[in-house]
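If you read the sequence shown in this note's numbering, its first letter stands for residue 13, the second for the next number, and so on.
By construction, the Cβ of each residue, glycine as well, lies at the ideal position given by its N, Cα and C atoms.
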Amino acid sequence: MKRILKQAFAVAGVLLLSTSLAANGLNLNSVGSKAIGMGGAFVGLADDYSAIFWNPAGMIKQEGPIFSLYGSAIMPHGTYEFAMAGINTETESKAYPSGAIGYIKPLSDKVVVGILGYVPSGSGATWPGADLTPLSSGIVLEWESMVGIIALSPAVAVRVTDQLTLGAALNIYYGLLKIKRPGLVQYEEDLTGMAVGGTISAMFQPSEMLSFGLTFKTPISVKMKGDATMSGAGILGLSVTSDAERSADWPMWIGFGVAVKPMDRLTITADLQYTDWKKLTDIPVTYENLAWQAAFAKAGKFELQWESKIQWRFGMEYRLNDIWALRAGYYYDPAPGPLETANILLPQFTYNWATVGVGYHTDSISLDVAVEFGFGEDREVPVGLKHGMPGIHGMSMVVPNIAFTYRF
């Protein structure tokens, strides 16, 4: 069974997870086009398939079975300038796909179940090696990273009273880590692993005009195993390959949200979302080859020293009529990583995000479209930091997405 799950997740990884994900920390910022159109301020509303991600208790709002598909295209533009070394480069223009698939079914007026496959976490970058030769002894090498998680989450919502609903989800995670960077000539890693976590949530709706949501996601530790290659290891008389293992922590997440309907067609939402990034100090590597462990393990450790952060999110939806809705949102997304550990392979920025969206709704289908615009604040890393990569780092993003829901 475990082998079957791994194979299924590997296929899903090709379909859902990009080779270069743009996010802060290791968390992608949103799931669901309606939620994204409202700035991801969705914990207090959570009224579509993405409730399994934001607040499973919100599934209680579904009156019948629904099936949903969601897709997005992450289009980052990163820059890196280090004048002292004559470097002025940028990431290649690409669109990296991500997405989700979900199903929700009411069992009664008090119990609703559902399942969602999605990508909650990821980060990474790809840079042109020809522009970075001053950092690799004049040799053109590959600079690429991807660290991410694919999740499968069966969930349940139970109505306790007319105002209070509780929710829970079991989160089965498949982690991936790919690295290409300078080492002893070219270094590469390709690791995968599995872990299990959980979500518990609540939604309190004292009236049709007001609702509150609270969601807690447990921390997990993903142990990833695979292969490492060092093309120049033969210079030291060592094998060019070794089995490798890393443990990466995904921290506790808490979200609190409120949704208000000041008038019949207008909904306003606000969220506070806390991620306990301070638990993630580093990602060490262990090599099975003892000679590799002695020679390369210390330099192979990712130093992070991240700090816990709070995102503030705000959104609104205005229904033009029973079919069409307009949405907009904003959120502030502070960087968890300090300048002391900043680097181009795990980019960290403080973002200001603006979102817009539109929804089309009938009795049987919904079609939602949204676009995120991320404006990262440039980070200038001084020369002399032990782990920080000196220079000026920049990032901006455009993330269009679309979702389709069919109601049975």
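Between alanine 97 and leucine 147, the CB-CB gap stays under 9 Å. By the neighbour-count criterion, in which a residue is buried when 16 or more other Cβ atoms sit within 10 angstroms of its Cβ, isoleucine 64 is buried.
Nearest Cα to glutamate 384 within the set Thr374, Lys398, Met409, Met401: Met409.
Here asparagine 364 has Tyr344, Phe387 as same chain residues with Cβ atoms under 7 Å from its own Cβ, once five neighbours each way along the sequence are excluded. Looking at the DSSP output, asparagine 183 sits in a beta bridge with Gly209. For the stretch 238 to 317, the continuous alpha helix (DSSP H) assignments of 4+ residues that do not extend past its boundaries occur at 302 to 312, in sequence order.
Leucine 338 is positioned such that its CB atom lies closer than 9 Å to that of glutamate 329. By the neighbour-count criterion, in which a residue is buried when 16 or more other Cβ atoms sit within 10 angstroms of its Cβ, glutamate 220 is exposed. Under the 10 Å beta carbon count, tryptophan 336 is surrounded by fewer than 16 other beta carbons and is classified as exposed. Nearest in C-alpha terms to glycine 187, of all of Leu153, Ala163, Pro118, is Ala163. Here aspartate 143 carries a helix assignment [DSSP, helix/strand/coil]. Positions of the beta strand (DSSP E) runs, each at least 3 residues long and wholly inside the stretch 362 to 389, are given as 363 to 373, 377 to 388 in order along the chain. With 16 or more other Cβ atoms from the protein chains shown falling within 10 Å of its own Cβ, arginine 258 counts as buried. Per DSSP, the unbroken alpha helix (DSSP H) holding serine 45 starts and ends at 45 to 49. Collapsing the DSSP output to three states places threonine 353 in a helix. Distance between methionine 87 and tyrosine 372, taken at the CA atoms: about 25 Å. Restricting attention to Val411, Phe420, Asp174, the CA atom closest to the CA of glycine 83 is found in Val411. The beta carbons of leucine 357 and serine 157 sit about 4 Å from each other, so the pair counts as a contact at 8 Å. Beta-bridge analysis with DSSP links glycine 136 to Met158.
In the three-state scheme derived from DSSP, where H, G and I count as helix and E and B as strand, methionine 96 is classed as helix. Isoleucine 335 is bridged by DSSP to nothing; it lacks a bridge partner. Take lysine 313, set aside five residues on each side of it, and the residues of its chain with a beta-carbon closer than 8 Å to its own are Asp294, Ile295, Pro296, Val297, in chain order.
The Cβ-Cβ distance between tyrosine 199 and aspartate 255 does not fall below 9 Å.
Remark: C-beta atoms of arginine 391 and isoleucine 404 approach each other more closely than 9 Å. When Leu119, Glu75, Ala137, Ala366 are compared, the shortest CA-CA separation from serine 105 is found for Ala137. Between alanine 167 and threonine 177, the gap from beta carbon to beta carbon reaches 9 Å or more. In this structure, the alpha-carbon of threonine 211 lies about 11 Å from that of isoleucine 232. Where alanine 63 is concerned, there is no enclosing beta strand (DSSP E), although the alpha helix (DSSP H) around it starts and stops at 63 to 66. In this structure alanine 271 is in contact with glycine 56, their Cβ atoms being roughly 4 Å apart against a cut-off of 8 Å. Distance check between tryptophan 265 and each of Lys290, Ala142, Val368 places Lys290 closest, using alpha-carbon atoms only. Looking only at Thr230, Ala181, Glu154, the smallest Cα-Cα distance to arginine 193 is reached by Glu154.
Apart from sequence neighbours up to five positions away, the residues of its chain that approach phenylalanine 420 with a beta-carbon distance below 8 Å are Gly76, Pro77, Ile78, Phe79, ordered along the chain. Relative to the Cα of glycine 406, the nearest Cα in the group Met242, Gly44, Ala311, Gly90 belongs to Gly90.
Between phenylalanine 361 and glycine 341, the C-beta gap is not smaller than 9 Å, which leaves the two residues out of contact.
Straight across, the Cα-Cα distance linking phenylalanine 54 with valine 395 is about 41 Å. Pairing tyrosine 61 with alanine 85 gives a Cβ-Cβ distance that is not under 9 Å.
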